[in-house]
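S.K.: The following block contains the structure, expressed as structure tokens.
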């Protein structure tokens, strides 16, 4: 998979340049997301960002009558047709972010090989260090996460080593709507 960076805010009115500490080099969208190396597709008020390596994409494209289309366009059509459940059919490594009016959905592959999404109640990023680019982010150690790491050598999702920061687990979707976070 290619090198990627994605960062954004749950509030679509947030201007990334006003909240991000580091210079922005990626493509900024009108919905409070900046991405570099992510494929992107949109239709109407729905935008999809994805970092993928999907082994059965040709099968899915054929079923959707989209042979020859780009991966992002195929995944957007799959989402619009089947919702989150359509992604269970995919075989590969992927992280997909879909933003609609007032709603954002993060979908990770079942093996957790695609980029991890780290988030708190205000913003998200696919880079643990990307959290530190946000103004106002004051990292504090999560003792449960740290203790777990010392005991077993890793920190199972959704816990991280930083208090108030979580990660989307492999094979799950996180839906953020009206200030509520729902895991599926």
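Numbering (our numbering), first residue to last: 707 to 890.
We put the beta carbon where it would ideally sit given N, CA and C, even for glycine.
Because the structure is a prediction, the values reported are computed rather than measured.
Going by Cα to Cα distance, which pick from 831, 757, 781 and 807 is closest to residue 763?
M.R.: Checked all of 831, 757, 781 and 807; the closest Cα to residue 763 is 781.
S.K.: Inspect the CB distances between the stretch 768-779 and the stretch 720-727 and report whether three or more fall short of 8 Å.
M.R.: The stretch 768-779 is not in contact with the stretch 720-727.
S.K.: Smallest Cα separation from residue 882: which of 843, 810, 860 and 785?
M.R.: For residue 882, the nearest C-alpha among the options comes from 810.
S.K.: Who are residue 830's beta bridge partners in DSSP?
M.R.: The partner list for residue 830 (beta bridge, DSSP) reads 714 and 825.
S.K.: So the candidates are 875, 860, 887 and 840; which of them puts its Cα closest to the Cα of residue 738?
M.R.: Ranking 875, 860, 887 and 840 by Cα distance to residue 738 puts 840 first.
S.K.: Determine the contact status of residue 775 and residue 754, defining contact as a CB-CB distance below 7 Å.
M.R.: Contact flag unset, no.
S.K.: Does the stretch 874-889 come close enough to the stretch 846-855 to have 3 or more Cβ pairs within less than 8 Å?
M.R.: Segments in contact, no.
S.K.: Looking only at C-alpha atoms, which of 741, 800, 820 and 827 sits nearest to residue 871?
M.R.: Cα-wise, what sits closest to residue 871 is 827.
S.K.: Which of the three DSSP states, helix, strand or coil, is assigned to residue 811?
M.R.: Three-state result, residue 811: strand.
S.K.: Applying the 10 Å Cβ sphere with the 16-neighbour rule, what's the burial state of residue 791?
M.R.: By the 10 Å Cβ count, residue 791 comes out exposed.
S.K.: With a threshold of 6 Å on Cβ separation, who are the neighbours of residue 752 within its own chain once the five nearest residues in sequence on each side are excluded?
M.R.: Excluding residues within five positions, the ones whose Cβ falls inside 6 Å are 806.
S.K.: Could you check if residue 749 is buried or exposed, using at least 16 other CB atoms within 10 Å of its CB as the buried criterion?
M.R.: That one is exposed.
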